[in-house]
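The structure appears below as structure tokens.
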């Protein structure tokens, strides 16, 4: 039980099928994203798959995910990025020709957000 004196949210599942169903209905009514997620990417390895899993498994599915490749040169990182470039229509990848830093990558993502 939830009370103002004991905020235990363990018994509430926001990841339940009913919540996902409600969010999916909302997403079908209006195709505009409610939120934009901006992720800078620079020579990120396999750990990026954990980030992607977290983003794609959110209960709110009406999002756009902007991944800003900040001039990555590592072949493995570029392979991983290429997989996500074509994985989902909500994912957009932008490329900087060279590494410009986290701030520039974030600013690019914010500028391109719908």
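Residue numbers (my numbering): 133 to 246.
Just so you know, even glycine gets a beta-carbon here, dropped at the ideal spot from N, CA and C.
Taking buried to mean at least 16 other C-beta atoms within 10 Å of its own C-beta, is residue i buried or exposed?
i           : result
residue 233 : exposed
residue 172 : buried
residue 205 : exposed
residue 177 : exposed
residue 170 : buried
residue 237 : buried
residue 196 : buried
Grab the span of the alpha helix (DSSP H) containing residue i for me, first residue to last.
i           : result
residue 214 : 207–217
residue 238 : 234–244
residue 181 : 179–188
Name the one or two DSSP bridge partners that residue i has.
i           : result
residue 196 : 168
residue 223 : 197
residue 173 : 201
Check this for me: beta carbons of residue i and residue j, under 8 Å apart or not?
i           : j           : result
residue 213 : residue 223 : no
residue 228 : residue 201 : yes
residue 166 : residue 194 : yes
residue 245 : residue 186 : no
residue 220 : residue 192 : no
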